[in-house]
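One structure is given below, encoded as structure tokens.
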Amino acid sequence: MGNSERRVLIVDDEEMYRWNISDFIEDEGFSVEVAESGENALEMILSQPFDVVIVDMRLPGMDGNAFVVKAREINPDLRFLIHTGSVEYMLPPEFKEMNITQEHVFYKPLEDMNLLVEQIYLLLDNKN
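Our numbering runs 3 ahead of the 1-based position in the sequence shown.
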């Protein structure tokens, strides 16, 4: 399967981050969509398939933690990367049950976007 069939959704309320990450990941050959809120992203997940979701934790309305739980209920095969500006961010215990670990957490500003891409590949390789 080529990367273009690999679909990534970026959920971030900050436009600059959405487009910077989107452009970088698209250059790696992935198909990328963006959403500015958890609610908007859930609608997208209901209507189209995604492999990996990169999600900000501080979102207007539903926060990133609530979004991940709901998105996983809709599609149990989704894999998640956390992208947050909050250095105090702690993974909720239920995330560990979803195999979301500290290596899936990235802090803004991300110095090296290749780290994000490497983690996307690892998540895709580990899909059962």
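Where is the CB? At the ideal position from N, CA and C, for every residue including glycine. Just so you know, these numbers come straight off a predicted model, no measurement behind them.
Handout entry: Residue range of the alpha helix (DSSP H) that includes I48
Key = 41-50
Exercise for the section: Answer yes or no: do V14 and A38 have a C-beta to C-beta separation smaller than 7 angstroms? Expected result: For V14 and A38, yes; Cβs fall inside 7 angstroms.
Practice task
On a CA-only basis, which of D59, I123, L127 is nearest K111? Give me that one, please.
Solution key: Of the candidates D59, I123, L127, the one whose C-alpha sits nearest the C-alpha of K111 is D59.
Problem - Under 7 angstroms between C-beta atoms of M93 and F27 - result: no
Handout entry: Cβ neighbours of F53 in the same chain (closer than 8 angstroms, five flanking residues each side left out)
Key = Cβ neighbours of F53 beyond the five flanking positions: R10, V11, L12, E36, M47, N78, L81.
Exercise for the section: Provide the residue span of the beta strand (DSSP E) that contains R82, from first to last. Expected result: 82-87
Practice task
Taking all protein chains shown into account, decide if L125 is buried (16 or more other Cβ within 10 angstroms of its Cβ) or exposed.
Solution key: exposed
Exercise for the section: Please work out which residues of its chain come closer than 8 angstroms, Cβ to Cβ, to E106, disregarding the five sequence neighbours upstream and downstream, and give them in chain order. Expected result: Q122
Exercise for the section: Hey, could you find the ends of the beta strand (DSSP E) V55 is sitting in? Expected result: In this chain, the beta strand (DSSP E) harbouring V55 covers 55-58.
Problem - Reduced DSSP secondary structure (H/G/I, E/B, other) of E36 - result: strand
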